[in-house]
Amino acid sequence: MGYAALGLPLAAVHYDDPELHTSPAYKWRLVLSYDGTRFSGWQYQPSTPTLQGTLEQALTRVTKLERKDLCLVGASRTDTGVHALGQVAHFVTPFNYTELQDMHAALNGLLPPDIRVREISPARPEFHARFSVTGKIYRYKIYNDTVMDPFHRLYAYHNLSELNTCVMKEAAKYFVGKHDFSAFANAQRNDRILSPVKNISRVDIIEQGPILHVEVEGSGFMYRQVRNMVALLLQIGREAIPPDIVLNILATCDRKELAKVALVAPPHGLCLVQVKYNEEHLQLPEDGPAPSFGRHHSISKCKLQYY
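If you count by this note's numbering, then the sequence shown holds residues 1 to 307, one letter each, in order.
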């Protein structure tokens with residue numbers, strides 16, 4: 001049976017895997033926020049709770065589709081314990097929706113409170129949550145004081161020693177530009193071999209009282225790259241090593257050289273802030289419903305007595 005006979009426009013036809021020959025699909029883009037504390041990272045695992053697995057459970061109930069039919073893909077495979085403000089994902093359905101607010105509300109009603117869908121919108125066939133990415137912003141939070149604030153304990157690394165932020169800012173400049181980051185990448189399992197050459201556009205050290213943010217923006221990142229960069233900056237801030245060691249370690253392209261002076265920073269301080277795309281990839285398809293950003297509940301009349 002042809003696509004026209006199914007009532008589906010040719011523009012809706014897309015395959016995430018060229019080896020899969022399934023029925024045509026409509027694509028949907030999600031923007032997600034989550035607290036990664038109790039999850040074993042993004043990627044689906046059958047024996048432990050993951051963000052992808054939890055989201056797929058909610059999507060299968062809402063769409064009545066099987067997990068394999070949804071083809072859910074995330075922009076970043078965040079590691080165990082890593083958080084996100086602006087993770088992006090996409091999934092497909094063999095049918096269109098006339099509106100998205102009900103599905104949006106249903107998804108957030110089914111998801112646990114530490115995961116929220118902030119936005120859901122129709123996507124063009126050429127959009128891919130992972131391969132269409134042009135840049136990402138990560139933020140690492142450090143709590144730099146003798147006593148840890150308990151309200152930050154799940155989202156910030158507690159550093160007890162004094163930090164010289166001036167030398168940290170000097171060292172951060174050496175990361176900017178196009179470099180081979182092999183020395184800052186841990187070996188990653190079950191993934192394609194990616195180029196270790198990445199373009200870092202900025203590394204900002206932002207001070208807010210005892211809180212120190214290390215914000216990194218780049219074209220892409222290797223496995224645990226940001227956490228390894230932060231670990232080296234912390235050692236430099238403690239004045240254990242000089243700022244220009246960044247260039248020396250980059251030049252070695254050897255992860256063992258970094259391990260001699262710094263251990264990887266723990267995951268709970270890291271947050272995926274934003275994923276960037278070309279504007280043309282974010283344009284809405286002509287036959288799709290309006291995006292949903294959630295809806296406010298209103299009370300038409302107050303039933304409480306005035307005092």
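For every residue, glycine included, the Cβ atom is placed at its ideal position computed from N, Cα and C.
Please read all numbers here as calculations on a predicted model, not as lab measurements.
- Membership of Asp204 in the beta strand (DSSP E) is indicated by the continuous run Val197 to Gln208.
- In this structure, the alpha-carbon of Ala106 lies about 15 Å from that of Leu65.
- Secondary structure of Thr134 (DSSP, three-state): strand.
- For Asp180, the secondary structure class from DSSP, reduced to helix, strand or coil, is strand.
- Gln87 is the residue among Gln87, Val197, Leu258 and Gly74 whose C-alpha sits nearest the C-alpha of Asp35.
- Going by beta carbons, Arg238 and Ala265 fall outside the 8 Å limit.
- In the three-state scheme derived from DSSP, where H, G and I count as helix and E and B as strand, Phe91 is classed as strand.
- Around the beta-carbon of Arg29, 16 or more other beta-carbon atoms lie within 10 Å, marking it buried.
- Here the alpha carbons of His297 and Phe184 stand approximately 47 Å from one another.
- Look at the region 107-161 and you find these whole runs of beta strand (DSSP E), each 3 residues long or longer: 115-123, 133-144 and 157-159.
- When C-alpha distances from Phe175 are compared across Thr165, Ser161 and Ile200, the shortest belongs to Ile200.
- The distance from the Cβ of Pro243 to that of Glu170 is about 4 Å, consistent with a contact at the 8 Å cut-off.
- Under a 10 Å Cβ-count criterion, Asn144 is classified as buried, with 16 or more other Cβ atoms of the shown protein chains found around its own Cβ.
- With contacts defined as CB atoms closer than 8 Å, Gln52 and Gln43 qualify as a contacting pair.
- For Val167, the closest C-alpha among the options Met148, Ile245, Tyr157 and Val147 is that of Ile245.
- Within the same chain, Ile137, Arg139, Asp204 and Ile206 come within 7 Å of Glu215 by CB-CB distance, once the 5 residues on both sides are set aside.
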